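Residue numbers (this note's numbering), protein chains in the order written: chain A, 1 to 313; chain B, 314 to 626; chain C, 627 to 939; chain D, 940 to 1252.
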């Protein structure tokens, strides 16, 4: 394909934008390719593992994740515990604010404000979360003493009546949510306090490994959509690998491969899984997920909705 | 402003996308802010310095730059010489190809292909450029012996009858094009060969410093839109500084400020120029320009066209 | 302090190098500051939380971590499960190879080689790990059925007779090792297989939250040395926060703060914890940990050894 | 080679550090390789093009560049005009300060301080530079009216009696200094003011293209050591290419190749020049130059001095 001159026309849609990206160059080409891989994975009925780090739930992408689950674009979710906490906070009415990367952190501290990049979360939201979570744990404990993480999160999702909550949409649409480090956050602290009073209360992470392992099979096609790095990305790759490898993969991240970190690992490695047939089934796009993911996914949604492949449209 | 849940709706436009970005978080917020600064600079009739590195002309952004000049969104252009060469190549019919970041470079070399990221330029295009440029220099030399760079580039622009050429649109719309390192490319080699035969042929870079200095005045409002880093960015900042500083600035780059380089310098420094009134007049967006610049600028163009502030729509 | 001209002299030591870095500029200044913070935290008898991601254990830094534990420069370790697995592999005789970032991944796959950046790990090493871990789990299960992660890792460390193993040195020197996502790797798979046969085998992550919480107290001084990002960094920060915040912090990473990720969060935020007195107690250094961490830490070790503040020298 | 456990020993030298880096992993391996390429290029008597951006002259690396020229480790210099200006400022007694990346830029502006990353340059230094440069231009103009840039810089170097000045050491050791964008800085402004009074004063950039072209020949071996990106890197690559390509190349930069920029282009492309025999002759190291370059170069200097291959030791 030749490089084509990009041109604006009035009322240009996101779909038309991404069509032009195909022939612009650099990361815009990779983004357009990611959109195509999204379409391919859905058309081939692959099981889609969608992974994201907690900072994306802090951001407004949280509602988009919920929508994607509802539309049938995600079959398994993997995230970190901060994402669980903040989804609950938002579902129970807490508001996060658009702030500034260059804030005076000492001043924010005095005001009881936590900064995540250019977003602000009040200490009060954490306190309200505590008030919400303690009775929930009591109720769940009354049902059973030993919980796999994803089973616990399903119960919590059912309590959240918010269509923009990914936990709610997951529970409603039978999409399991995995969180391999469930104690690494305020939620972990509350679990600990609860266990202090109820020593037979068990969060069974080992059992949940089986759950994610059986969330797809060797015979099914599998796809990994990894937003950001960290263990959410690693966990999905690990589990698809144990099931023979994914056929499709899209990674979006700001990390680079030069440090040897998982966060920066590219889809090149996917070829070494032995199941990816060729380069047209994988894409790595370097840049900010809040900008890139909506664009690429919207392009795919527009195509898939025309073909009637989306649920609940 | 509160963080808002992002939602797709069918046929969403780029304008609507960026409106949602305002309340998503991280770089999407900065991108939405960049769009607002573009609108502000145009509404206030600031002289707009648009700077870009040559790899952006290799890409399809080249046609967008030409369109922006035509629309009146750029009053002064600063770029590197590779951008000049490739604009001419494209205007004279050369085609560049979408390739791959992970190509076999030895094989490409044997095929006479040059790689710029994931874009391919044939050696033949450079040879055709040589055939084109030599008679042009002869004609210009017959007009006069001593040329300021921007005056030379204006003459060249008038020879290119291609509405997607930024040199053509610049010449046609009286937008000067500055290139502070005119010899740093194939064009430099051809200038050198020409001077070998005509020792009184002079490319006067010092005179052109005066030209860019007088391209705006202390009294006028000024804006810098810097895409990528390098001397194109530095030159525009330097010249606006000598005229009292810019009122508006948008920087888009993948570089970070931690290395102390100009490419990574942010608009924070713009505050130190003493003329920026507040943070709402500057934006630094980190990421790939081929993705981010069209989106932010399109949002501004949609607004400005409604208000009748664009030329030639 | 003025910028000073850097000069080489024959047989220059690392200590002398870092002394010059103080007055060179950019990240070299931050690195020299990190060395000073290491000295301060040790002199003030702070509890030192050393966190690292698994790719650093893949690299030769693994032996350095073991040495630092032995010397008394780390009181609590937090890492990811890949680091646990690879420390065991190396301690049981597996060799990893220096490879290439640009390897042919399909070819590597056919040879049974896994690539981590420019390092190679054979599939065979994972199989040998499996052979080693299964009887170990059987023995531990015979001791007790329910294990907190750090208690399990301590037992494993005692089995590894390798002074270059961080698990061994940790166990020997009563340094707890925390791993908040113990199932996110091959080890998780083996735990799962074991639990299939022994359903009352429990890995208690909630109990371990209490263990890390009580690894230091409000009254003690605390320091966080975070190499790379991910949950290992986050977990140490979280736990020191719950104990009133750390007095000292050094972060080394390739990630930038612009994406709002934990990996890229800087020590600026440490000021918002309310206990850091001033900027001289924190340092964020941007770059590759394998280069930067040894240099900064060696500078500190040279000073601390002279003052007799290191153990086992 | 196997990955080896890194270990500190007391009074470890930089040479011993880099020897260990060879078997640590990630960028430390690339840095050790860069040291080897430095040794190879000198042993093979290649013409060494050393390029650096102006921010490195702002830093203390400036004195190291001067030392390297004196030792015979650089045969041709390419830099940007800011580097020229600041070398002169330092040679004429100006002091730059170690500051902070997170300074209050508005406050700095009011104090007349310019910030370059975490380094501070006073406005006064620029004023003193102006006082120094004007009579120098007058004297040079009396000698001749038309100057190639490198010839002008040689004359200036001879006026600076400072062994830590790279302009001085270059002039003294017959090392030409090229600066393809000589007007892109305060120096450009002074050249312009001077030309206003003396219209026949010409800075001939085209002639200087011939000078750099003949600074090496097709038959000589050539090496490019590029620190940072920008036109200084590009110019050296261009000129060695026109002479058949370099046999050796070391690039050190914080930029990544994913944006298609020259700053992020790696030495992989060097293979496409057709002269690099194998991977052992090139190295790309990602990270901060102020940390990495001294270490890698010192390792090479220690080896080369033992073999008597350095000048003036």
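Glycine residues also receive a C-beta, built at the ideal position from the N, C-alpha and C atoms.
No experiment lies behind these values; they were computed from the predicted model shown.
Point to revise | Beta-carbon neighbours of residue 679 of chain B, restricted to chain C and to distances below 8 Å | key: The requested residue 679 of chain B does not occur in the structure, where chain B is confined to residues 314 to 626.
Check your understanding: Considering only the beta carbon of each residue, do residue 77 of chain A and residue 177 of chain A sit closer than 8 Å?
Key -> yes
**Study point:** Burial state of residue 314 of chain B (16 or more Cβ within 10 Å)
**Key:** exposed
Point to revise | Closest by C-alpha distance to residue 354 of chain B, when choosing among B:452, B:613, B:626, B:621 | key: B:613
**Study point:** Contacts of residue 751 of chain C in chain D (Cβ-Cβ under 9 Å)
**Key:** Within 9 Å Cβ-Cβ: nothing; residue 751 of chain C doesn't reach chain D, min ~12 Å.
Exercise for review: Assign residue 1192 of chain D to one of three DSSP states: helix, strand, or coil.
Suggested key: Residue 1192 of chain D sits in a strand when the DSSP states are folded into three classes.
Check your understanding: Near residue 126 of chain A, what residues of its chain come up, given a Cβ to Cβ distance below 7 Å and the 5 sequence neighbours on each side ignored?
Key -> Apart from sequence neighbours up to five positions away, the residues of its chain that approach residue 126 of chain A with a beta-carbon distance below 7 Å are 186, ordered along the chain.
Point to revise | residue 158 of chain A, buried or exposed, once every other Cβ within 10 Å from all chains shown has been counted against 16 | key: exposed
Practice item. Anything in chain B within Cβ reach of residue 268 of chain A, meaning under 9 Å, just list it in chain order. Key: 415
**Study point:** Where residue 64 of chain A meets chain B, residues with beta-carbon distance less than 8 Å
**Key:** 318, 319, 320, 321
Review point. Terminal residues of the continuous alpha helix (DSSP H) containing residue 963 of chain D?
Key: Element bounds for residue 963 of chain D: n/a, residue is neither H nor E.
Point to revise | Partners in chain D for residue 574 of chain B, counting only beta-carbon separations shorter than 7 Å | key: 992, 994, 1167
Practice item. Excluding the 5 residues preceding and the 5 following residue 969 of chain D in the sequence, name in chain order all residues of the same chain whose CB lies nearer than 6 Å to its CB. Key: If we look at residue 969 of chain D and ignore the five residues flanking it on each side, its Cβ neighbours are 1222, 1224.
Check your understanding: Comparing the C-beta of residue 11 of chain A with each C-beta of chain B, is any distance below 8 Å?
Key -> yes
**Study point:** Where the segment 165-178 of chain A meets chain C: residues whose CB sits under 8 Å from a CB there
**Key:** none
**Study point:** Chain-order list of residues whose beta-carbon lies under 6 Å from that of residue 347 of chain B (same chain, five-residue window excluded)
**Key:** 563, 596, 598, 609
Check your understanding: For residue 394 of chain B, which of helix, strand or coil comes out of DSSP?
Key -> Of the three classes helix, strand and coil, the one that applies to residue 394 of chain B here is helix, per DSSP.
Review point. Pick from A:188, A:180, A:133: whose alpha carbon is nearest that of residue 52 of chain A?
Key: A:180
Review point. Any C-beta of chain A sitting closer than 8 Å to the C-beta of residue 565 of chain B?
Key: no
Check your understanding: Could you give the residue range of the alpha helix (DSSP H) that holds residue 926 of chain C?
Key -> 915-932
Point to revise | residue 415 of chain B, buried or exposed, once every other Cβ within 10 Å from all chains shown has been counted against 16 | key: exposed
**Study point:** Every unbroken beta strand (DSSP E) within the segment 12-70 of chain A, with a cutoff of 3 residues, ordered by chain
**Key:** 47-52
Point to revise | Alpha carbon of residue 106 of chain A to alpha carbon of residue 99 of chain A, nearest angstrom | key: 15 Å
Exercise for review: Tell whether a beta-carbon distance below 8 Å holds between residue 1068 of chain D and residue 1121 of chain D.
Suggested key: The beta carbons of residue 1068 of chain D and residue 1121 of chain D sit no closer together than 8 Å.
Review point. Just how far apart, CA to CA, sit residue 828 of chain C and residue 821 of chain C?
Key: 8 Å
Review point. For the candidate residues C:644, C:639, C:682, C:663, whose alpha-carbon lies nearest to that of residue 944 of chain D?
Key: C:682
Exercise for review: Kindly indicate the opening and closing residues of the beta strand (DSSP E) around residue 460 of chain B.
Suggested key: 459-461 is the extent of the beta strand (DSSP E) around residue 460 of chain B.
**Study point:** Listed by chain order, chain A residues near residue 611 of chain B by CB distance under 8 Å
**Key:** 8, 12, 17, listed in chain order.
Review point. So, do the segment 774-794 of chain C and the segment 832-848 of chain C have three or more beta carbon pairs nearer to each other than 8 Å?
Key: yes
Check your understanding: residue 173 of chain A to residue 120 of chain A, Cα distance in whole Å?
Key -> Taking the Cα positions, residue 173 of chain A is about 31 Å away from residue 120 of chain A.
Check your understanding: Under the three-state reduction of DSSP, which class applies to residue 1148 of chain D: helix, strand or coil?
Key -> helix
Review point. Which residue comes first and which comes last in the beta strand (DSSP E) that contains residue 1059 of chain D?
Key: Looking at the DSSP string, the run of the beta strand (DSSP E) that includes residue 1059 of chain D is 1058-1061.
Check your understanding: Cβ of residue 383 of chain B less than 8 Å from any chain A Cβ?
Key -> no
Exercise for review: Would you list, in sequence order, the uninterrupted alpha helix (DSSP H) runs of no fewer than 4 residues that lie entirely inside the segment 138-208 of chain A?
Suggested key: Here the runs fully enclosed are 149-159, 166-172, 186-197.
Practice item. Assign residue 93 of chain A to buried or exposed, taking buried as 16 or more other Cβ atoms, counted over all protein chains shown, within 10 Å of its Cβ. Key: exposed
Exercise for review: State yes or no: is the beta carbon of residue 1067 of chain D nearer than 8 Å to at least one beta carbon in chain C?
Suggested key: no
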